Each structure stands twice: as C-alpha cells, then as structure tokens.
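Chemist: Quick one: the structure is below, and I'll ask about it shortly.
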Amino acid sequence: MAREIIATPNAPKAIGTYSQAVKVGKTVYVSGQIALDPKTGALHGSLPAGARLVVPDWKTGPTIDISIPVDMTAAPNIQVGTGANGMIIESARGIITLRPVASTGNAQPITVGPGIALAATATGRFILALAPRQKAGQYDHPVELVVYTVTR
C-alpha cells in the first residue's frame, strides 16, 4: 500500500523522524503532541479558560510480569457485529483472524495480526490484543498490549 506523509503548518512541526500523520490505504495514523504553539514553537504554560484536567480513576488490575508465562497459542472467540455482518474474532496458533459467522455471501476471513485477542468494539473495528514484542529488552515481557484497527 502507498504511504503518504501528512503535514500542516497549523500544528507544531514534527520533531526528529516523526510525522504529524501518515496515511496508509484508507487509514490515517496521527501522532500525539505536546502543547507547542505552531507559530512560535513556545510551550503553552497554561490551559484556556474553562478547560479542566481529568484524572482517570484507574482500577487495580493484572500486570504482565516477565516471570509469568503467557499462553499465546489460543484464547476464547469473541463475537462482534450482528446478522449478516456478524463476525467471530478467533485467536489460534498465535494469529488473530476475523471470520464471518454466516457462510453465505462473499465475506472472506481477514488475518488481523499476531497475538491473542482480549476484547473488541461491538463492530470489531478495534481489537485489543496481546502481541509478541518486536524487540524485548532484558527485563521486558516478551508480549505487549496492542490495538489493531480492522478495515474491511
């Protein structure tokens, strides 16, 4: 697929090798940024009137510890969509696949990527998964949490 770098003078310039956005096929990947003024490059030191900071209420949950093995071979199926648009997210042999529920029509299975699916949005557009870490350091767990974006 063709890759297109997207840049605008109305946002802070990209620093180093980063891009403001990259378009690949029909998907646009945007990068986060710090609060820099695009004209002066100065850091904004205050929030506009009426803005408020929100602190998420994180709950205690599981952690991935390097001493705990993670079974990357299989996970329970996740059903998404309804009726003729129904799909099953299958994690088998370390590969995530999106399969049509009904055998009618011309819908073909879609290979999403490596890993095991943990959760998905109702339509299956976004899939939260554990995937093999590309370059794990000495004290890094060999898997990482990723979000796959599925385009059909």
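In our numbering, the protein residues as written are 1 to 152.
Built from N, CA and C at the ideal position, the CB exists for glycine as well.
Small disclaimer: the values here were computed from a predicted structure and weren't measured.
Does Tyr148 pass the burial test, meaning 16 or more other C-beta atoms within 10 Å, or should it be called exposed?
Modeler: Indexing the sequence shown from 1 puts residue 148 at position 148. It is buried - the Cβ of Tyr148 has at least 16 other Cβ atoms within 10 Å.
Chemist: Can Ala129 and Ile96 be called in contact, C-beta distance under 9 angstroms?
Modeler: In the sequence shown, counting from the first residue as 1, residue 129 sits at position 129. In the sequence shown, counting from the first residue as 1, residue 96 sits at position 96. A contact, by the Cβ cut-off of 9 angstroms.
Chemist: According to DSSP, which residues form a beta bridge with Thr27?
Modeler: Indexing the sequence shown from 1 puts residue 27 at position 27. In the DSSP output, where bridge partners are listed per residue, Thr27 has Val24.
Chemist: I need the DSSP call for Ala7, collapsed to helix, strand or coil.
Modeler: Position 7 of the sequence shown, counted from the first residue, corresponds to residue 7. Of the three classes helix, strand and coil, the one that applies to Ala7 here is coil, per DSSP.
Chemist: According to the neighbour-count rule (16 or more other Cβ atoms, all chains shown, within 10 Å of its Cβ), is Ala136 buried or exposed?
Modeler: Taking the sequence shown and counting its residues from 1, one reaches residue 136 at position 136. Exposed, by the Cβ-count rule.
Chemist: For Lys39, which option in Pro69, Ser19 and Asn10 has the closest C-alpha, if you only look at C-alpha atoms?
Modeler: Position 39 of the sequence shown, counted from the start, is the residue given in the question as residue 39. Of Pro69, Ser19 and Asn10, the residue nearest in Cα terms is Asn10.
Chemist: Buried or exposed: Ala131, going by 16 or more other Cβ atoms within 10 Å of its Cβ?
Modeler: Against the sequence shown, residue 131 aligns to sequence position 131. So Ala131 ends up on the buried side.
Chemist: Find the nearest neighbour of Ile116 within the set Gln20, Asp71 and Leu36, judged by alpha-carbon distance.
Modeler: Against the sequence shown, residue 116 aligns to sequence position 116. The closest CA to that of Ile116, considering only Gln20, Asp71 and Leu36, is found on Asp71.
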